[in-house]
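Read left to right, the sequence shown gives residues 92 to 200 (our numbering). Here a beta-carbon is modelled for each residue, glycine too, at the ideal position from N, C-alpha and C. Below is one structure, written out as structure tokens; comments come after it.
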Amino acid sequence: MKNVKVSSIIGLLALGSLLSSCNATMHTVGTGGKGNCKSVGQYDAKKKQWYLFWGLLPLNSVDSKALAGGAQNYTIRTTTSFGDGLIAIPGSYLLGLRTQTIRVSKGDK
């Protein structure tokens, strides 16, 4: 009986980790930036946003306009990736730790 409960809990945790996914959202300000923010050479600034309780309580504030550094045209890419999931695994089941990566690509002024 005890083995069934342990197996069920392990199975549910494994299933929960498999159901998480990666996502990306892009926003264009003005005419946009010079890159698509996907690879290292295509963005000018990057910062990580941290949340507790499954996104309900932000631990820090990332201002994408400040990351653009006064540029009039820029592209913002907000992602939750596999790496963010690895960071969140130790605390996600207890505290609901979640992260996002925000990248900004500047265009011409």
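Environment of residue i [buried if 16+ CB atoms lie within 10 Å]
i    : result
G161 : exposed
I100 : exposed
Span separating the alpha-carbon of residue i from that of residue j
i    : j    : result
L147 : W141 : 10 Å
A159 : F144 : 29 Å
K93  : T169 : 43 Å
K125 : Q163 : 12 Å
T116 : G123 : 14 Å
G121 : S98  : 53 Å
K150 : K139 : In the sequence as presented, Lys is not what sits at residue 150; that position holds Leu. Cα to Cα, L150 sits roughly 11 Å from K139.
T119 : S152 : 20 Å
L177 : K96  : 26 Å
Contact belief for residue i with residue j at Cβ below 8 Å, rounded distance in angstroms
i    : j    : result
V195 : D135 : 6 Å
Residue i Cβ short of 8 Å to the ligand FMN heavy atom set
i    : result
G102 : For the structure depicted, the ligand FMN is absent and the ligand set is empty, with no information on it obtainable.
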